[in-house]
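Here is the structure we will look at.
Residue numbers (the numbering used here), protein chains in the order written: chain A, 60 to 579; chain B, 60 to 579.
Here is the structure:
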């Protein structure tokens with residue numbers, strides 16, 4: 060058995076049975092091995108950013124890693140942006156990067172480059188280069204264990220071509236098993252309980268795994284019983300929400316809004332979240348969003364057993380699921396008339412199917428989506444964890460592969476879509492049930508806002524020209540059709556409701572382009 | 060004056076007056092400064108790989124650097140593949156990567172990552188992080204000098220947001236001027252002359268700057284007068300060729316072909332080229348392409364004054380321009396009938412305009428292009444220097460910006476086009492006169508070939524499925540239209556000739572999709 064076959068068998072044995080790939084010559088033995096080990100599903104992407112973003116979306120929903128297969132340094136480079144998002148989401152990903160044969164590297168052939176350097180950006184915790192075929196299986200099992208964490212991470216395995224094609228020994232035992240998360244010190248639980256009982260204004264700032272069940276209900280119980288404000292990360296990896304669930308307010312992207320949300324708090328208790336900071340720095344404004352005089356307490360960080368800590372806290376406080384306040388069912392009225400960012404969001408709220416997975420990269424046009432869908436039937440909401448745009452469509456691909464029986468909605472803005480548009484082809488190729496709502500406002504609207512917010516003086520038409528997406532206007536119906544996906548364009552709210560309703564009822568991928576004015 | 064304005068003024072003063080950009084919030088002051096310093100032309104790309112590839116194409120044609128402007132680590136990641144190609148082409152590029160404000164980095168905000176690590180992959184010779192506004196101009200001038208070389212390189216300048224927005228001192232003097240290339244030792248010239256006069260079979264293996272005038276004619280004179288075989292790199296950055304010029308044979312991509320070309324040589328004299336090696340390793344095959352018993356002599360490497368060394372050699376040998384054998388004018392007959400890789404190439408040869416710049420990423424379908432265009436009117440041929448696909452369309456963008464009065468042809472294959480398709484939007488947005496011939500064979504054909512060549516055993520349908528681009532079939536006419544570029548589809552040679560003729564006669568961008576069977 061050659062290395063590639065042994066590697067794939069080892070991955071499959073550990074539950075890693077999907078590989079999102081964009082291979083090249085140095086990965087051909089891995090590709091060939093797909094016929095020998097049919098338990099591994101290969102999913103082709105036409106650009107590496109689609110493969111890495113899909114692995115992120117898959118990992119968030121499946122709660123186990125997918126593999127990627129990328130071609131040398133340039134292929135890894137193309138995958139960096141969405142691996143960055145996966146790193147920030149603590150998504151488990153086994154990131155396999157092919158390399159030249161070990162003995163070929165000395166020749167500095169055209170595609171030679173420092174793969175390890177690039178990998179260290181997205182995989183600071185685990186970069187392994189397998190030097191000998193006999194190490195491959197053990198290295199792969201280490202990579203799977205490292206990817207699973209806790210916390211979950213992108214584990215990069217660099218795979219030389221000759222290691223793939225040479226005869227390999229099978230190692231059945233992992234050198235390193237997935238470690239359990241370290242239990243949280245009792246003192247931290249007691250401190251959190253003390254703060255929550257103090258009668259002073261307390262915020263629970265939460266994220267990671269605790270914005271999903273069973274932790275979510277526990278958070279709701281703690282908040283309701285103690286009067287604490289419940290806030291979560293601006294961009295949670297996967298937020299369970301909707302009617303009947305505990306509603307969690309996301310911290311605003313704009314520091315000005317976040318300041319209002321955090322105003323007056325004497326204590327902030329962190330649960331599987333880092334202390335809130337401004338997305339970017341702005342001249343004369345603080346980066347740290349914690350209000351003056353507010354004390355930060357960490358109940359559990361991303362590497363800790365946050366769900367366990369929360370259970371201990373609930374026990375200590377003596378609160379139970381019945382204490383939690385639940386989101387009542389409510390949908391916006393079906394919108395009519397003008398198509399705007401608001402009416403698009405209303406249409407989404409009115410039509411969102413039960414059990415939907417929403418990959419949200421709506422950006423400025425999506426501002427009203429959280430409110431419009433708060434009382435829709437239960438669903439999952441996946442966010443732009445690392446701020447590297449071009450995530451929404453690939454994450455939808457991965458979510459749909461992980462959850463073939465659930466409807467997936469990519470709520471996507473025009474500028475962001477353009478980075479990884481090739482996702483549509485993979486949706487069509489794999490027959491994935493993804494409905495894309497493409498918000499076309501002809502602009503990098505968020506940057507028009509940021510241009511003013513950073514205090515850039517006297518910007519004029521030459522600057523504004525760098526922030527607009529027309530002329531020429533992008534035609535997303537044509538682009539979707541070009542990728543093999545049926546599409547339609549809505550210019551009124553009534554058209555959108557009609558088209559979105561039909562798209563959601565249609566199996567396989569569909570794109571609905573919503574032409575909206577910019578809210579900026 | 061803030062840092063961004065000072066930086067742009069410094070760049071413009073050194074002749075860097077085009078910036079290909081895909082900015083984000085941390086680069087907004089640079090963008091705003093475009094209105095204060097209108098001598099800098101900003102060209103927006105909707106994906107960073109377009110910006111970096113365009114900078115490569117620009118640098119190859121303008122022979123001076125363009126700047127890029129990229130957003131943090133993920134933006135740089137998206138630009139890595141084409142910066143890799145630029146590195147391999149020795150193209151001068153001033154690669155500006157925005158970063159968080161210096162004081163913001165400690166907060167590990169969502170977009171924080173190790174930019175320096177990624178930059179070291181593409182800029183091993185120059186990565187500078189400016190820490191203080193007063194250092195910015197000097198750092199920028201150092202970056203320009205480093206980019207120019209020799210040899211030309213990608214010089215990365217990491218620009219924190221607060222360095223951009225703070226008041227900066229103008230430094231008029233560069234800390235480091237562009238250094239002249241080190242002159243080649245006389246002994247090397249004498250050694251080359253001795254070998255060339257030895258009567259033994261000699262190959263001149265050339266690349267870099269010497270496959271352009273005035274060196275090209277000198278190479279032709281040396282080869283003709285001494286009987287040496289004239290061969291160049293498989294993927295030269297910019298090859299001047301066509302009727303009346305000295306013809307240079309490119310080394311084959313396939314080691315099997317290269318072996319035939321190099322067979323029987325007793326000496327190989329390198330001029331601005333590295334010793335030939337196999338693109339990839341293959342089981343049981345040598346990586347080094349130099350035949351056994353052949354001695355390699357370096358007249359000049361990429362960092363040396365190769366044109367100067369060649370002039371010295373010409374003088375020593377006493378040969379002159381009249382000795383050079385020139386390519387006779389000849390075009391293929393206008394093809395008719397079936398549309399194949401061969402008839403597409405014949406159509407290109409029949410219609411190629413004088414002074415055209417061809418950005419060649421035709422890959423397998425382009426196999427016959429070199430032969431079909433050899434005797435066409437003089438033109439430049441730009442190749443996939445680093446092997447990282449997705450180069451062809453962006454390089455065409457940059458070449459058209461550098462040479463607005465010359466027709467540019469992107470000779471592009473389907474799989475490669477998909478990586479940086481957003482190039483078409485920039486062509487339309489900037490009104491660039493680029494004709495794309497899109498070779499659609501529905502396949503990563505080169506990988507189907509490589510799958511067999513690497514000796515991958517028993518590959519089957521599951522492997523082959525990872526190498527095909529359909530179903531669904533990609534519709535490049537729709538994709539081009541979606542990006543705002545007029546397009547047509549040819550399915551016969553007659554249609555192609557007709558459509559290509561009209562496209563070449565039309566100012567601005569046009570796409571002609573040529574549907575061809577795979578040659579593999």
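Built from N, CA and C at the ideal position, the CB exists for glycine as well.
Just so you know, these numbers come straight off a predicted model, no measurement behind them.
- prompt: Do residue 247 (chain B) and residue 354 (chain B) have their C-beta atoms closer together than 8 Å?
  reply: Here the question's residue 247 (chain B) lines up with position 188 in the second chain. Here the question's residue 354 (chain B) lines up with position 295 in the second chain. 8 Å or more divides the Cβ of residue 247 (chain B) from the Cβ of residue 354 (chain B).
- request: Give the range of the beta strand (DSSP E) segment to which residue 120 (chain A) is assigned.
  value: Position 61 of the first chain, counted from the first residue, corresponds to residue 120 (chain A). DSSP places residue 120 (chain A) in no beta strand (DSSP E) but in the uninterrupted alpha helix (DSSP H) bounded by 107-121.
message: Going by DSSP in three states, residue 439 (chain B) sits in which element: helix, strand or coil?
response: Indexing the second chain from 1 puts residue 439 (chain B) at position 380. Secondary structure of residue 439 (chain B) (DSSP, three-state): strand.
- prompt: By DSSP, does residue 595 (chain B) sit in helix, in strand, or in coil?
  reply: With chain B covering only 60 through 579, there is no way to say anything about residue 595 (chain B).
- request: Take the Cβ of residue 395 (chain B) as the centre, count every other Cβ of all protein chains shown within 10 Å, and call the residue buried at 16 or more, exposed below.
  value: Taking the second chain and counting its residues from 1, the one referred to as residue 395 (chain B) is at position 336. Answer is exposed; the Cβ neighbour count stays below 16.
query: Is there at least one Cβ from chain A nearer than 8 Å to residue 514 (chain B)'s Cβ?
result: On the second chain, position 455 is the one that residue 514 (chain B) refers to. For residue 514 (chain B), a Cβ of chain A is located within less than 8 Å of the residue's own Cβ.
- request: Below 8 Å between beta carbons is the criterion; list the residues of the region 458-480 of chain A that meet it against any residue of chain B, in chain order.
  value: Of all residues in the region 458-480 of chain A, only 474, 477, 478, 480 place a beta-carbon less than 8 Å from a beta-carbon of chain B.
query: Is residue 124 (chain A) buried or exposed, if buried means 16 or more other CB atoms sit within 10 Å of its CB?
result: For the purposes of this step, residue 124 (chain A) is taken as residue 65 along the first chain, with counting starting at 1. Its Cβ being crowded by 16 or more others within 10 Å, residue 124 (chain A) is buried.
field: Proximal residues, the region 131-160 of chain A versus chain B, C-beta separation under 7 Å
entry: The region 131-160 of chain A vs chain B, Cβ under 7 Å: 132, 133, 136, 137, 139, 140, 143, 147, 159, 160.
task: Please state whether DSSP places residue 153 (chain A) in a helix, a strand or coil.
output: For the purposes of this step, residue 153 (chain A) is taken as the residue at position 94 of the first chain. The answer is strand: DSSP assigns residue 153 (chain A) an E or B state.
- prompt: Three-state secondary structure (DSSP) at residue 371 (chain A)?
  reply: Residue numbering aside, residue 371 (chain A) sits at position 312 when the first chain is read from its first letter. The three-state reading of DSSP puts residue 371 (chain A) in helix, counting H, G and I together.
- prompt: Name the chain A residues that come within less than 8 Å of residue 440 (chain B), Cβ to Cβ?
  reply: The residue you call residue 440 (chain B) lines up with position 381 of the second chain. Per Cβ cutoff of 8 Å: no residues; residue 440 (chain B) is ~17 Å from chain A at best.
Close beta carbons around residue 83 (chain B), own chain, < 6 Å, minus the five adjacent residues each side: Within the second chain, residue 83 (chain B) is the residue found at index 24, counting from 1. If we look at residue 83 (chain B) and ignore the five residues flanking it on each side, its Cβ neighbours are 130.
- prompt: Should residue 60 (chain B) be flagged as near chain A, meaning a C-beta pair shorter than 8 Å?
  reply: Counting from 1 along the second chain, the entry for residue 60 (chain B) is found at position 1. By this cut-off, residue 60 (chain B) is not an interface position.
query: Which one or two residues does DSSP pair with residue 416 (chain B) in a beta bridge?
result: To locate residue 416 (chain B), count along the second chain from 1; it is residue 357. Its beta-bridge partners are B:439, B:467.
field: Contact check, residue 177 (chain B) vs residue 261 (chain B), beta carbons under 8 Å
entry: Locating residue 177 (chain B) in the second chain gives position 118, where the first residue counts as 1. Locating residue 261 (chain B) in the second chain gives position 202, where the first residue counts as 1. Cβ distance not < 8 Å, so residue 177 (chain B) and residue 261 (chain B) don't count as in contact.
query: Mind checking residue 257 (chain B): buried by the 16 CB within 10 Å criterion, or exposed?
result: Here residue 257 (chain B) refers to the residue found at position 198 of the second chain. An exposed status is given to residue 257 (chain B), since fewer than 16 other beta-carbon atoms sit within 10 Å of its beta-carbon.
task: Measure from the alpha carbon of residue 403 (chain B) to the alpha carbon of each residue in B:385, B:428, B:420, B:382, then state which is nearest.
output: Numbered from 1 along the second chain, position 344 holds the residue referred to as residue 403 (chain B). The candidate whose alpha carbon is nearest that of residue 403 (chain B) is B:428.
- request: Mind checking which residues open and close the beta strand (DSSP E) that includes residue 275 (chain A)?
  value: In the first chain, counting from the first residue as 1, residue 275 (chain A) sits at position 216. Residue 275 (chain A) -> not in any beta strand (DSSP E); alpha helix (DSSP H) instead, spanning 274-285.
Best match in A:148, A:149, A:154 for proximity to residue 75 (chain A) [C-alpha to C-alpha]: If you number the first chain from 1, residue 75 (chain A) lands on position 16. If we check each option's Cα against that of residue 75 (chain A), A:154 comes out closest.
message: Applying the 10 Å Cβ sphere with the 16-neighbour rule, what's the burial state of residue 166 (chain A)?
response: Within the first chain, residue 166 (chain A) is the residue found at index 107, counting from 1. With 16 or more neighbouring CB atoms inside 10 Å of its own CB, residue 166 (chain A) falls in the buried class.
Interface residues of chain A facing residue 185 (chain B) [CB-CB closer than 8 Å]: Here residue 185 (chain B) corresponds to residue number 126 of the second chain, with the count starting at 1. None at all; the shortest Cβ gap to chain A is about 15 Å.
message: Only counting the same chain, and skipping five residues up and downstream in sequence, which positions put a Cβ closer than 7 Å to that of residue 164 (chain A)?
response: Counting from 1 along the first chain, the entry for residue 164 (chain A) is found at position 105. Excluding residues within five positions, the ones whose Cβ falls inside 7 Å are 171.
task: Could you tell me whether the Cβ atoms of residue 469 (chain B) and residue 447 (chain B) are closer together than 8 Å?
output: Within the second chain, the letter at position 410 stands for residue 469 (chain B). Within the second chain, the letter at position 388 stands for residue 447 (chain B). Residue 447 (chain B) sits away from residue 469 (chain B), with the two beta carbons spaced by 8 Å or more.
- prompt: Using 8 Å as the threshold, is the region 198-206 of chain B in touch with the region 550-562 of chain A, meaning 3 or more CB pairs across them?
  reply: As far as the Cβ criterion goes, the region 198-206 of chain B does not touch the region 550-562 of chain A, which means the pair count is below three.
- prompt: Between the beta-carbon of residue 476 (chain A) and the beta-carbon of residue 542 (chain A), is there less than 8 Å?
  reply: Counting from one through the first chain, the residue named residue 476 (chain A) turns up at place 417. Counting from one through the first chain, the residue named residue 542 (chain A) turns up at place 483. No, the pair does not count as a contact, with Cβ atoms beyond the cut-off.
- prompt: Between residue 63 (chain A) and the rest of its own chain, which residues show a CB-CB distance below 6 Å, the 5 nearest in sequence each way excluded?
  reply: Stepping through the first chain from its first residue, residue 63 (chain A) is reached at position 4. Close CB contacts of residue 63 (chain A) within its chain, under the 6 Å cut and outside five residues either way in sequence, are with 88, 89, 92, 223 (chain order).
task: Reducing DSSP to helix, strand and coil, say where residue 163 (chain A) ends up.
output: Within the first chain, numbered from 1, the residue matching residue 163 (chain A) stands at position 104. Taken through DSSP and simplified to helix, strand or coil, residue 163 (chain A) comes out as helix.
Alpha-carbon to alpha-carbon, residue 69 (chain B) and residue 432 (chain B): Here residue 432 (chain B) refers to the residue found at position 373 of the second chain. Here residue 69 (chain B) refers to the residue found at position 10 of the second chain. Answer to the nearest angstrom: the Cα atoms are 42 Å apart.
- request: Measure from the C-beta of residue 518 (chain A) to each C-beta in chain B and report whether the shortest distance is under 8 Å.
  value: As a working note, residue 518 (chain A) is residue 459 in the first chain. Residue 518 (chain A) counts as touching chain B.
- prompt: Can you tell which of A:298, A:370, A:518 has its C-alpha closest to the C-alpha of residue 249 (chain A)?
  reply: The residue given as residue 249 (chain A) occupies position 190 in the first chain. Of the residues A:298, A:370, A:518, the one whose Cα lies closest to the Cα of residue 249 (chain A) is A:370.
Selection of the region 420-449 of chain B by Cβ proximity to chain A, strictly under 9 Å: Going along the region 420-449 of chain B in chain order, one finds 443, 444, 445, 446, 447, 448, 449 with a Cβ nearer than 9 Å to chain A.
field: Neighbour-count burial assignment, residue 147 (chain B), 16 or more Cβ in a 10 Å radius
entry: Position 88 of the second chain, counting from 1, holds the residue named residue 147 (chain B). Residue 147 (chain B) comes out buried.
task: Rank A:506, A:66, A:141 by C-alpha distance to the C-alpha of residue 195 (chain A) and give the top, closest one.
output: In the first chain, the residue the question calls residue 195 (chain A) occupies position 136. Per the Cα distances, A:66.
field: Beta carbon of residue 228 (chain A) nearer than 8 Å to that of residue 193 (chain A)
entry: Within the first chain, residue 228 (chain A) is the residue found at index 169, counting from 1. Within the first chain, residue 193 (chain A) is the residue found at index 134, counting from 1. Taking C-beta atoms as the reference points, residue 228 (chain A) and residue 193 (chain A) count as a pair closer than 8 Å.
message: Less than 8 Å between C-beta atoms, sequence neighbours within five positions excluded: which residues of the same chain meet that for residue 182 (chain A)?
response: In the first chain, the residue the question calls residue 182 (chain A) occupies position 123. Only 142, 146, 154, 212, 213, 214, 215 meet the Cβ criterion.
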